[in-house]
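Chemist: Handing you a structure now.
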Amino acid sequence: MFCAWGGNLARQLVGRLVSLIPILFGVSVVVFLLVRLIPGDPVVALLGMEATPEAVAALRARYALDDPWAVQYLAWMKNLLTGDFGRSVQSGREVLPLLMGALLPTLWLALAATLVSLLIAIPTGVIAATRRDTAADAFASLLSLFGLSMPSFWIGVLLILLFSIHLPLLPASGYVAPGEDLGRFLTHLVLPAITLGTALAAAIMRMTRSTMLEVLQADYVRTARAKGLPHRTVIWKHAYRNAQIPIITLIGIQFGQVLGGVVITETIFSWPGIGKLTVDAIFARDYPVVQGAVLLTAGLFVFINLVTDIVYTIVDPRLRLS
Amino acid sequence: MSAAASAPASARLPRLLSSPRALLGGGLVALAILAAILAPVLTPYGPNDTDFLAILQPPSLAHPFGTDDLGRDILTRVIYGARVSLVVGLVSVLASLVVGGIIGSIAGYVSGWTDTIIMRLMDVIFAFPGVLLALAITAVLGPSLGNAILAIAVVNLPVFARIARAQTMVVRSLDFVEAKRALGFGPVNILARSILPNIAAPMMVQGSLLFAAAIITESYLSFLGLGAQPPTATWGNMLRDAIGFLELAPWMAWFSGLAIFLTVLGFNVVGDALRDLFDPRTG
């Protein structure tokens, strides 16, 4: 039985990995074309206006810029696969270490935002479903509608006004590494995490409510109630456990969307992650950094979607055996 | 198909129209549209009129939403900002709806390699977080209102293409389409006359929901300085300007954000209502 599960899971995993190949290829082509579509010479885009003739010649040779686009693409891919993402036009530093330095703050923020959203969304969604058509349910749906409609930057600005200016409790911007000072890291994290987590919470809450409503009608929930199990046990052990699969899927999808949302949140709170790096690079016309950041974020997005698929295949035995 | 779908929808319509939620959503959308159309009549100021004697004034009778750092009337700029948001929402959603609808229905009708290639291309667009892709496109093409519209349209394209493809696959196997094929009608005729009209309703529902998302994405681009350029008033760039004056003039941040929130709320509610009307299973 276990072998059959394992075999099915491995087959599904290989299938998903194979299906990713054309997508990752497409993503790399789009990112490759980003710089080529900028009007003018890509050398100027990649090196800046003040590049020396030697640097221009070296770049032309390294990226095969005098060859057809297909050859250029292959040269670019070869460099990428050896970890050569080029150099920042602005700082002259290699792009890969810049990206890696910004990745950790972004992951902290994304994880904290997801945690905030789950803490808000799961209890609210479950309460809304178990008290369907009551004032609590109406309030929860209104809350989720508001959460979905509020632009995150406005939430961020309102939070800064309230918690950093009127009640100076939390810092309005900046980042402290957790290894440096955990307390200050957490105080800097609170406002950006709430900002980013609110829209996420709204979507997860809606999904929790609708899935729980469906599960609460199921025979096994009725049986659990008929057996005289306490209400809390029926809700959390029987109903919620079975409602988790679509919720996990949505969390995965939303976590990917968070990677897009960090662009705004990191800009407002001066959080030195991938999002802020991308925006700063766009304004500095630092295209090697833009290219690297977009590629890394899209790659992470695809990877997270894959992990989501795998997790819900593991969580749901029906999918493992199908 | 359309007749079958529209009968229960028409039966549900009166109840839907009288629900407080739909009235609220419709009211907010109507308010935004009226503000955009009647902007010059609604306010005595121009959106770029500066008054250096009235810089950073708090809300008052003369300036109900206060003034900004250049002495411009914030209410006036919020009203004119509605124009940009609605135009971006409308044009970008229409563009992606039409293009996505056509390529999605071709993929669904023709199947085979055409379908595979089109849908893999859509998967590639889908593989980027929406805001990031919009940002990358405007970064390459340069910041402007037109490029922001194009970027948002590209981001939304796969959503419409996927819906159009799925709906087309359902409709193409229906009897009346089979009958037209048997009578010798060509694929262009069948797609244009039989399939597209029958997949229009779910596309419009999705369009109304994406309208709200388009307004938010435009405000993000403007906020980052990649949408319409100053001095054009947009809700996003007004909020961006407000960041530097949060302590001195917090009202600069209140009203442009509130305008985005209420307009997006209105479109979300209307979108939800339309979805319930045409597809009650998802309600």
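Chains F and D supply the protein sequences, listed in that same order.
Okay, so the first sequence: first residue is 1 according to full-length UniProt numbering, each after it adds one.
Okay, so the second sequence: first residue is 1 according to full-length UniProt numbering, each after it adds one.
In this text, a Cβ means the ideal position worked out from N, Cα and C, and glycines have one as well.
Which residues mark the beginning and the end of the alpha helix (DSSP H) in which residue 246 of chain F is found?
Modeler: The residue you call residue 246 of chain F lines up with position 246 of the first sequence. Its alpha helix (DSSP H) spans residues 241-269.
Chemist: Could you list the residues in the segment 240-268 of chain D with a C-beta less than 9 Å from some C-beta on chain F, going in chain order?
Modeler: Answer set for the segment 240-268 of chain D: 240, 242, 243, 246, 247, 250, 253, 254, 256, 257, 258, 260, 261, 262, 263, 264, 265, 266, 267, 268.
Chemist: Can you list the residues of chain F that residue 129 of chain D reaches, using a CB-CB cut of under 7 Å?
Modeler: Within the second sequence, numbered from 1, the residue matching residue 129 of chain D stands at position 129. Within 7 Å Cβ-Cβ: 256, 257, 259, 260, 297, 301.
Chemist: Closer than 8 Å is the cut-off here; do at least three beta carbon pairs connect the segment 196-212 of chain F with the segment 239-251 of chain F?
Modeler: In short, these stretches touch, since the Cβ pair count reaches three.
Chemist: Taking the continuous alpha helix (DSSP H) assigned at residue 188 of chain F, which residues delimit it?
Modeler: Within the first sequence, the letter at position 188 stands for residue 188 of chain F. 182-216 is the span of the alpha helix (DSSP H), which, as asked, contains residue 188 of chain F.
Chemist: Per DSSP, what kind of secondary structure is residue 50 of chain F in: helix, strand or coil?
Modeler: Working through the first sequence from its first residue, we reach residue 50 of chain F at position 50. Here residue 50 of chain F sits in coil by DSSP.
Chemist: Looking at the secondary structure, which residues open and close the alpha helix (DSSP H) in which residue 148 of chain F lies?
Modeler: Taking the first residue of the first sequence as 1, we reach residue 148 of chain F at position 148. Unbroken alpha helix (DSSP H) run through residue 148 of chain F: 135-149.
Chemist: Hey, does residue 117 of chain F have any beta-carbon neighbour from chain D nearer than 9 Å?
Modeler: Residue 117 of chain F sits at position 117 when you count from the first residue of the first sequence. Chain D, which has no Cβ nearer than 9 Å to the Cβ of residue 117 of chain F, makes this no.
Chemist: Could you name the residues of chain D that residue 150 of chain F contacts, counting a contact when the two beta carbons are closer than 7 Å?
Modeler: Stepping through the first sequence from its first residue, residue 150 of chain F is reached at position 150. 261, listed in chain order.
Chemist: Taking the alpha-carbon positions, what's the residue 10 of chain F to residue 124 of chain D distance?
Modeler: Numbered from 1 along the first sequence, position 10 holds the residue referred to as residue 10 of chain F. Numbered from 1 along the second sequence, position 124 holds the residue referred to as residue 124 of chain D. Distance between the alpha carbons of residue 10 of chain F and residue 124 of chain D: 25 Å.
Chemist: From F:48, F:216, F:177, pick the residue whose C-alpha is nearest to that of residue 129 of chain F; which is it?
Modeler: For the purposes of this step, residue 129 of chain F is identified with residue 129 of the first sequence, where counting begins at 1. With distances taken between Cα atoms, residue 129 of chain F lies closest to F:216.
Chemist: So, under 8 Å CB-CB, residue 149 of chain F and residue 212 of chain D are touching, yes? Tell me the CB distance rounded to an integer number of Å.
Modeler: Within the first sequence, the letter at position 149 stands for residue 149 of chain F. Within the second sequence, the letter at position 212 stands for residue 212 of chain D. Going by Cβ atoms, the distance from residue 149 of chain F to residue 212 of chain D rounds to 7 Å, so yes, they are a contact pair.
Chemist: Mapping DSSP to helix, strand and coil, what is residue 87 of chain F?
Modeler: Stepping through the first sequence from its first residue, residue 87 of chain F is reached at position 87. Residue 87 of chain F falls in the strand class under three-state DSSP.
Chemist: Are the segment 236-244 of chain D and the segment 44-63 of chain D touching by the rule of at least three beta carbon pairs closer than 8 Å?
Modeler: No, the segment 236-244 of chain D does not touch the segment 44-63 of chain D.
Chemist: Helix, strand or coil: which one does DSSP assign to residue 67 of chain D?
Modeler: On the second sequence, residue 67 of chain D is found 67 positions in, with the first residue counted as 1. Reduced to three states, the DSSP call for residue 67 of chain D is strand.
Chemist: Under 9 Å between C-beta atoms, does residue 3 of chain D make it to chain F?
Modeler: The count along the second sequence starts at 1 and reaches residue 3 of chain D at position 3. At residue 3 of chain D, the pLDDT of 42 sits below 50, so the modelled position is not reliable and the matter cannot be decided from this model.
Chemist: Could you say which of F:258, F:95, F:74, F:212 lies nearest to residue 239 of chain F if we only look at CA atoms?
Modeler: For the purposes of this step, residue 239 of chain F is taken as the residue at position 239 of the first sequence. Nearest of F:258, F:95, F:74, F:212 to residue 239 of chain F, Cα basis: F:212.
Chemist: Under the rule that 16 or more other beta-carbon atoms within 10 Å means buried, what is residue 276 of chain F, buried or exposed?
Modeler: If you number the first sequence from 1, residue 276 of chain F lands on position 276. So residue 276 of chain F counts as buried.
Chemist: Can you give me, in chain order, the residues of the segment 4-32 of chain F that have a beta carbon less than 7 Å from any beta carbon in chain D?
Modeler: Answer set for the segment 4-32 of chain F: 22, 23, 26, 27, 30.
Chemist: Provide the residue(s) that pair with residue 94 of chain F in DSSP beta bridges, ordered along the chain.
Modeler: Residue numbering aside, residue 94 of chain F sits at position 94 when the first sequence is read from its first letter. Answer is F:87.
Chemist: Tell me whether residue 326 of chain F is buried or exposed, calling it buried when 16 or more other Cβ atoms sit within 10 Å of its Cβ.
Modeler: Within the shown structure, residues of chain F are numbered from 1 to 322, placing residue 326 of chain F beyond reach of any answer.
Chemist: Which partner residues does residue 73 of chain D have in the DSSP bridge list?
Modeler: Mapped onto the second sequence, residue 73 of chain D falls at position 73. DSSP, once it has assigned bridges, lists D:67 as partnering residue 73 of chain D.
Chemist: Quick check: the segment 107-116 of chain D against the segment 77-96 of chain D, are at least 3 beta-carbon pairs closer than 8 Å?
Modeler: Result no; under three Cβ-Cβ pairs closer than 8 Å.
Chemist: Measure the alpha-carbon distance for residue 268 of chain F versus residue 33 of chain D and round it to whole angstroms.
Modeler: For the purposes of this step, residue 268 of chain F is identified with residue 268 of the first sequence, where counting begins at 1. For the purposes of this step, residue 33 of chain D is identified with residue 33 of the second sequence, where counting begins at 1. Looking at the two C-alpha atoms, the distance is approximately 30 Å.
Chemist: Can you tell me which of D:275, D:156, D:247 puts its alpha carbon nearest to the alpha carbon of residue 99 of chain D?
Modeler: Here residue 99 of chain D is taken as the residue at index 99 of the second sequence, counted from 1. Ranking the options by Cα distance to residue 99 of chain D, first place goes to D:156.
Chemist: Buried or exposed for residue 60 of chain D, please, with buried defined as at least 16 other CB atoms from any protein chain shown within 10 angstroms of its CB.
Modeler: Counted from its first residue, the second sequence places residue 60 of chain D at position 60. Answer is exposed; the Cβ neighbour count stays below 16.
Chemist: Are the C-beta atoms of residue 144 of chain D and some chain F residue less than 9 Å apart?
Modeler: Here residue 144 of chain D refers to the residue found at position 144 of the second sequence. With 9 Å as the cut-off, residue 144 of chain D does not count as an interface residue toward chain F.
Chemist: Helix, strand or coil: which one does DSSP assign to residue 206 of chain D?
Modeler: Indexing the second sequence from 1 puts residue 206 of chain D at position 206. Note: residue 206 of chain D maps to helix in three-state DSSP.
Chemist: Can you check whether the CB of residue 97 of chain D is closer than 9 Å to the CB of residue 276 of chain D?
Modeler: Along the second sequence, one-based indexing puts residue 276 of chain D at 276. Along the second sequence, one-based indexing puts residue 97 of chain D at 97. Contact flag unset, no.
Chemist: Please report how far the alpha carbon of residue 78 of chain F lies from the alpha carbon of residue 285 of chain F, in whole angstroms.
Modeler: On the first sequence, residue 78 of chain F is found 78 positions in, with the first residue counted as 1. On the first sequence, residue 285 of chain F is found 285 positions in, with the first residue counted as 1. Computed Cα separation, rounded: 24 Å.
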